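These notes are about the structure you will find just below.
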Amino acid sequence: MSDSAAPPPLLKEEPPGGTGRWFARGCYAAVTSVQGLVLFASMIGFGGLCRDIGFPVGAAVLSSLLIWALPAQVLVVGGYAAGNAAPVIALAVALSSVRLFPMTAALMPYLRGPKIGIGKQLIAAHFIAVTAWIEGMRRLPGIPAEWRLPFFLGLGTTFVLGAALMTFIGFLLAGTLPRSLAIGLLFLTPISFLIQLTHNARDLVDRLALGFGLIVAPFMAEVGGRLDLLWTGLIGGFAAWGVHRFLKARNTHVD
Amino acid sequence: MSIDASLWPYLLVILAGFLPTEVWRSLAVVFARRLDEDSEALILVRAIATALLAAVVARLVLLPPGELIGIPLSIRIGAVVGGLAVYYLARRSVFFGILFGELVIIAAAWYLG
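Rendered as structure tokens:
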């Protein structure tokens, strides 16, 4: 009953170059995304900032590759300029980077699989910063589970290498940009974060979290001390989730 | 105790920059192994991350870095609100929303400068 001429079952054979193709799709998604454009422009601004401060170009580029989180990079460079001790800078960076914990925890479940060990997950996690998080949360759910990791690695690698290149270019360009344009680059981070977060917030719980965060943040900046961002995240996040749970419970009662 | 002064910025990037950021990512990878893709806990974690990023936005607008602080607060807030309005008016276009907010700030910097 076996037919020797039958083609091998399609399911068993991975499409040739599947991993490479999804990696390439990730690279393509990175260079064509608005978030990528914003990131690269922001890094030009960061490179310029480093030159103004007298931070060496090699260390500036290294910070884009290794730290890969613009607020933390600005803290390191700013701390260097102010002559702060390394432990003081490290503490400020650690506090400002707490957000990477819930961001990574929210994204990683999309990247897990039976064949993906902890080493690969740690490498993928390095690419998580606002840019790759926003793009990843938006696109990963629509990608077949087995191709999410190569796609995300392509996306992240392109973002990080592009950011490093733009840091270098920004360093070279420093002082040649008109002042109004340089100020515009500084505004790019908040305006793009907000509009991208709004764009990604499809469910009510996400919109509530965004709104609560914006409302609570100014109060926490007054009373929250150095952990004000963390307090805002916890209060805004729990409040949004609480409303979501309440509505869900009420709906199940009605049904 | 003589570290070459020219190496100091590189060490600072690794010790005071890279390690304190990467530790959060790595801890989260371990923590996330208990979360399912559709669980309520994951929705909560996502809400906390979103609210934290909203706080980052609020701080950058209220207490901006560098020369951006020279732009009056009312104009900074106006650029954010205007950018959001254009985003919705342009049928949820991220690009036009950001572009409008940027144009407001650059125009203000040029006019005030």
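From first to last, the protein sequence lines stand for chains A and B.
Numbering follows the numbering used here, in which position 28 of the first sequence is assigned residue number 28; successive positions increment by one, without gaps.
Numbering follows the numbering used here, in which position 1 of the second sequence is assigned residue number 1001; successive positions increment by one, without gaps.
Backbone N, C-alpha and C define an ideal beta-carbon position, used for all residues, glycine too.
Model, not experiment: these values are computed from the prediction.
Taking 7 Å as the cut-off, decide whether the C-beta atoms of residue i and residue j are in contact.
i, j, result
"residue 205/A", "residue 1043/B", "yes"
"residue 43/A", "residue 167/A", "yes"
"residue 1021/B", "residue 60/A", "no"
"residue 135/A", "residue 35/A", "yes"
"residue 1016/B", "residue 191/A", "no"
"residue 21/A", "residue 151/A", "no"
"residue 143/A", "residue 1018/B", "no"
"residue 969/B", "residue 1083/B", "Residue 969/B is absent from the structure shown; chain B starts at 1001 and stops at 1113."
"residue 155/A", "residue 29/A", "yes"
"residue 186/A", "residue 1065/B", "yes"
"residue 197/A", "residue 1053/B", "yes"
"residue 1041/B", "residue 229/A", "no"
Expressed to the nearest angstrom, what Euclidean distance is found between the alpha-carbon atoms of residue i and residue j?
i, j, result
"residue 87/A", "residue 140/A", "37 Å"
"residue 221/A", "residue 53/A", "27 Å"
"residue 1013/B", "residue 106/A", "27 Å"
"residue 1080/B", "residue 1005/B", "42 Å"
"residue 148/A", "residue 165/A", "26 Å"
"residue 212/A", "residue 1007/B", "44 Å"
"residue 62/A", "residue 251/A", "52 Å"
"residue 93/A", "residue 1051/B", "19 Å"
"residue 97/A", "residue 1024/B", "7 Å"
"residue 1063/B", "residue 1075/B", "13 Å"
"residue 112/A", "residue 1045/B", "17 Å"
"residue 947/B", "residue 91/A", "Here chain B covers residues 1001 to 1113 and nothing more, so residue 947/B does not appear."
"residue 65/A", "residue 126/A", "10 Å"
"residue 1067/B", "residue 1096/B", "24 Å"
"residue 101/A", "residue 40/A", "24 Å"
"residue 973/B", "residue 153/A", "The structure shown does not extend to residue 973/B, since chain B is modelled only from 1001 through 1113, so no value can be given for it."
"residue 244/A", "residue 175/A", "49 Å"
"residue 239/A", "residue 1098/B", "28 Å"
"residue 217/A", "residue 1048/B", "13 Å"
"residue 137/A", "residue 110/A", "9 Å"
"residue 1113/B", "residue 1057/B", "25 Å"
"residue 1039/B", "residue 193/A", "26 Å"
"residue 1030/B", "residue 116/A", "13 Å"
"residue 85/A", "residue 1011/B", "12 Å"
"residue 45/A", "residue 199/A", "25 Å"
"residue 219/A", "residue 71/A", "21 Å"
"residue 1032/B", "residue 50/A", "35 Å"
"residue 1059/B", "residue 224/A", "13 Å"
"residue 1061/B", "residue 195/A", "13 Å"
"residue 1036/B", "residue 27/A", "27 Å"
"residue 23/A", "residue 33/A", "15 Å"
"residue 184/A", "residue 58/A", "25 Å"
"residue 83/A", "residue 249/A", "54 Å"
Spatial neighbours of residue i within its chain, please: CB distance less than 8 Å, with the 5 preceding and 5 following residues excluded, ordered by chain position.
i, result
"residue 201/A", "207, 209 and 210"
"residue 5/A", "Low local confidence applies: a pLDDT of 47 at residue 5/A is under 50, so the model's placement there is unreliable, with the coordinate-based value given in what follows. Closer than 8 Å at Cβ, skipping near neighbours: no residue."
"residue 19/A", "147 and 150"
"residue 76/A", "63, 67, 89 and 93"
"residue 81/A", "53, 54 and 55"
"residue 121/A", "108, 111 and 112"
"residue 132/A", "152, 155, 156 and 159"
"residue 247/A", "204"
"residue 31/A", "158 and 162"
Looking only at its chain, what residues have a beta carbon closer than 7 Å to the beta carbon of residue i, apart from the 5 residues adjacent to it on each side?
i, result
"residue 95/A", "226 and 227"
"residue 1109/B", "1071"
"residue 104/A", "125 and 128"
"residue 56/A", "none"
"residue 241/A", "205"
"residue 145/A", "113"
Can you name, in chain order, every residue of its own chain whose Cβ lies under 6 Å from the Cβ of residue i, other than the five neighbours on each side?
i, result
"residue 1034/B", "none"
"residue 79/A", "89"
"residue 237/A", "209"
With a cut-off of 7 Å, does the C-beta of residue i fall near any C-beta of chain D?
i, result
"residue 1041/B", "Absent from the structure is chain D; the protein chains it does hold are A and B."
task: Count the C-beta pairs between the region 233 to 241 of chain A and the region 160 to 178 of chain A that are closer than 8 Å, then say yes if the count reaches three, no if not.
output: No, the region 233 to 241 of chain A is not in contact with the region 160 to 178 of chain A.
message: Check whether the region 1083 to 1102 of chain B and the region 147 to 160 of chain A touch, using three or more Cβ-Cβ pairs below 8 Å as the test.
response: no
message: Pairs of beta-carbons, one from the region 1093 to 1110 of chain B and one from the region 179 to 193 of chain A, closer than 8 Å: are there three or more?
response: yes
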